[in-house]
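Q:
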Ligand SMILES: [Zn+2]
């Protein structure tokens, strides 16, 4: 284990900017539209480069609704000095159109997704853009799975039933790519503080939180990144 953790110190995580979209006022609850970033992450592991989320798909109705300002997969990777041929594997936090848009450009590169999420995407009308699902080389998994030494997927359901996060264990703690487990780092911070109050056996009532917050916090996260927020959570 010690040896593995020494390896992990070499694992760098780079943010990939896939552009932004405008969430219409009727979906924000604030009476105002909101511009949201679309972010993925490259994990530079000694045994292979992993891409977590692949950007926004395109469809006339979706584009009219969300008005995306899109950076395609190749362009977005190039901006961080990478290209698709550098990738060994990929994963999607979930399969809505704004997380798997570049999947069809990955060719034979396997894309790890929770099986429950893939089932939902295949069976639920209007779940996502069907061509993105049909043209991906999915590697369905169930539960927590190590995909590279010290790098593993963990189910973090909520936004969708099959949502997953990616954990990168490093000598100095874990880097967590939380996708859309929370829309914002602030929401994660609220749940983390509630988790702390539960742990302290603070008097009830306390807010309900997802049960996987405990599993994430046990990993000693040093930083938590999100798909739709440039802000991050740190302890
Ligand atoms: Zn999203």
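In our numbering, the protein residues as written are -10 to 224.
Cβ coordinates follow ideal geometry from the N, Cα and C atoms, glycine included.
1) Does DSSP classify residue 177 as helix, strand or coil?
2) What three-state label does DSSP hand residue 112 in the structure shown?
3) Tell me which same chain residues have a C-beta within less than 8 Å of the C-beta of residue 58, skipping the five on either side of it?
4) Which same chain residues, not among the five before or five after residue 67, have their C-beta less than 8 Å away from its C-beta?
5) Under the three-state reduction of DSSP, which class applies to residue 107: helix, strand or coil?
6) Helix, strand or coil: how does DSSP classify residue 155 here?
7) At a cut-off of 7 Å, would you count residue 216 as near ligand 1, judging by its Cβ distance to the nearest heavy atom?
8) If you compare alpha carbons, which of 168, 36, 17, 184 is closest to residue 77?
9) Pop quiz: residue 45 and residue 75 are said to be a contact at Cβ under 8 Å. What is the actual Cβ separation, rounded to whole angstroms?
A: Taking the geometry as given:
1) Taking the first residue of the chain shown as 1, we reach residue 177 at position 188. Correct three-state label for residue 177: helix.
2) Numbered from its first residue, the chain shown carries residue 112 at position 123. The answer is helix: DSSP assigns residue 112 an H, G or I state.
3) Here residue 58 refers to the residue found at position 69 when the chain shown is read from its first residue. Excluding sequence neighbours, residue 58 sits near 8, 9, 10.
4) As a working mapping, residue 67 is identified with position 78 in the chain shown. Spatial neighbours of residue 67 in its own chain (CB-CB distance under 8 Å, excluding positions within 5 residues in sequence) are not present.
5) In the chain shown, counting from the first residue as 1, residue 107 sits at position 118. In the structure shown, the three-state DSSP call for residue 107 is helix.
6) Within the chain shown, residue 155 is the residue found at index 166, counting from 1. Strand.
7) The count along the chain shown starts at 1 and reaches residue 216 at position 227. Because some heavy atom of ligand 1 lies under 7 Å away, the Cβ of residue 216 counts as near it: yes.
8) Numbered from its first residue, the chain shown carries residue 77 at position 88. Residue 36 is the option with its Cα nearest to residue 77.
9) As a first step, residue 45 is located in the chain shown; it is residue number 56 there, counting from the start. As a first step, residue 75 is located in the chain shown; it is residue number 86 there, counting from the start. Incorrect: roughly 21 Å between the Cβ atoms, too far for contact.
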